[in-house]
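S.K.: Provided herewith is a single structure, encoded as structure tokens, for subsequent inquiry.
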Amino acid sequence: MRIEIFSALAMLTLTSYANATTLGVSVSNLDEFNSTLLRGLITHANDAGGVDVVTTDAKGDGELQKKQVAELVARKVDALIVLLADGDLAAQLTPIAFGAGIPLVYVNNVPANVLDLPPNQAVVASDEKQSGFLQAKEVCRLLNGRGNVAVLIGEPFHAAARARTEDVDDVLATPECNGLKVVERQTAYWSPDFAEAQVQEWLTAGVEFDAILANNDDMALGAIRALKHSASTKDVIVAGIDAIHPALEAMKAGELAVTVFQNAAAQGEGAVDAALKLAQGQKVPRENDIPFELVTPQNVDQYLANSQ
1 MRIEIFSALA MLTLTSYANA TTLGVSVSNL DEFNSTLLRG LITHANDAGG VDVVTTDAKG
61 DGELQKKQVA ELVARKVDAL IVLLADGDLA AQLTPIAFGA GIPLVYVNNV PANVLDLPPN
121 QAVVASDEKQ SGFLQAKEVC RLLNGRGNVA VLIGEPFHAA ARARTEDVDD VLATPECNGL
181 KVVERQTAYW SPDFAEAQVQ EWLTAGVEFD AILANNDDMA LGAIRALKHS ASTKDVIVAG
241 IDAIHPALEA MKAGELAVTV FQNAAAQGEG AVDAALKLAQ GQKVPRENDI PFELVTPQNV
301 DQYLANSQ
């Protein structure tokens, strides 16, 4: 297998099979979750045998991702796998791939045009209605259905961020949880640093909350840092999503109360399987679901053991 990882500075190339199937992979950025997904994807491609992987990193820039996908198409890859920087960007990428006759698999971030995808395009992702629902229901249970909560949002145009935030609102509208009130919600761009700064700002302003629900674990970890550095002695429930290794360690240490396991490696593996089938002219379901799983201090050990 050959792996090429393009960045502004470097390219890594490994030995190639002569007649390998080439997968062009475009990731939005290489944060903790996406890196895990990419490792799972590459490992699975390696196990499949006879597969070359060419990977580009868009560094969160939608225009750069569009350019990189066009370059992968120009290289005449056999199939594309794209983790979108912006779900709305798919409306531009779908015709680029379709016009070139190259199969395309969107992974993790569901494209806004999912219902309009052509037969040689598919999605491998997790149902975001599960993630935010599981997170918010557990926070509701821990607070006995009453209290103030703050929400840290990923990115305004990211399908997962929108869905996870809507899930919180939906849960809080139920009879058993309508005693919970959202007192703050701000975008922190999936970043622990932005999240830490935002929570510090809330604390400085005197905002009182009993729980922080973050759209991902990185932001939850940033919130935990801010709470640690504050003068407040109040116990605040912090909840994330993704079950990345640092978050599981924080849960084991008693700092994180809730996370939801999104199987990044399985998403990467599923994307490879779908891309290879499409490249061979086989049919693939338009939407392929990788289920979420609730993680709490009661079952964290089983996830921690497999997260390295």
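Under the UniProt record's numbering, the first residue of the sequence shown carries the number 1, and numbering increases by one thereafter.
Idealized CB from N, CA, C, for every residue including glycine.
Please read all numbers here as calculations on a predicted model, not as lab measurements.
1) Does the contact criterion of 3 or more C-beta pairs under 8 Å hold for the stretch 204-214 versus the stretch 67-87?
2) Let's test the definition: count the other Cβ atoms within 10 Å of the Cβ of R75 and tell me whether it reaches 16, buried, or not, exposed.
3) Output yes or no for whether 8 Å exceeds the beta carbon distance between V51 and V25.
4) Looking only at its own chain, which residues have a Cβ that is under 7 Å from the Cβ of K66, when we skip the five neighbours before and after it?
5) Using the Cβ count rule (16 or more neighbours within 10 Å means buried), how would you classify P118?
6) What are the start and end residues of the beta strand (DSSP E) that includes L80?
7) Using the C-alpha atoms, what's the distance from V105 back to D47?
8) Quick test of your reading: N29 and G60, contact by CB under 8 Å. State the CB separation rounded to the nearest angstrom.
9) According to the neighbour-count rule (16 or more other Cβ atoms, all chains shown, within 10 Å of its Cβ), is N263 buried or exposed?
10) What residue from A250, A173, V272 has the CA that sits closest to G49's CA?
11) Keeping to the same chain, check which residues put their C-beta closer than 7 Å to that of K129; ignore five residues upstream and five downstream.
12) I need the boundaries of the beta strand (DSSP E) containing Y106, first residue and last residue.
13) Ends of the alpha helix (DSSP H) at F133?
M.R.: According to the data block:
1) no
2) exposed
3) no
4) L89, Q92, L93
5) exposed
6) 79-82
7) 19 Å
8) 5 Å
9) buried
10) V272
11) A163, D167
12) 104-107
13) 128-142
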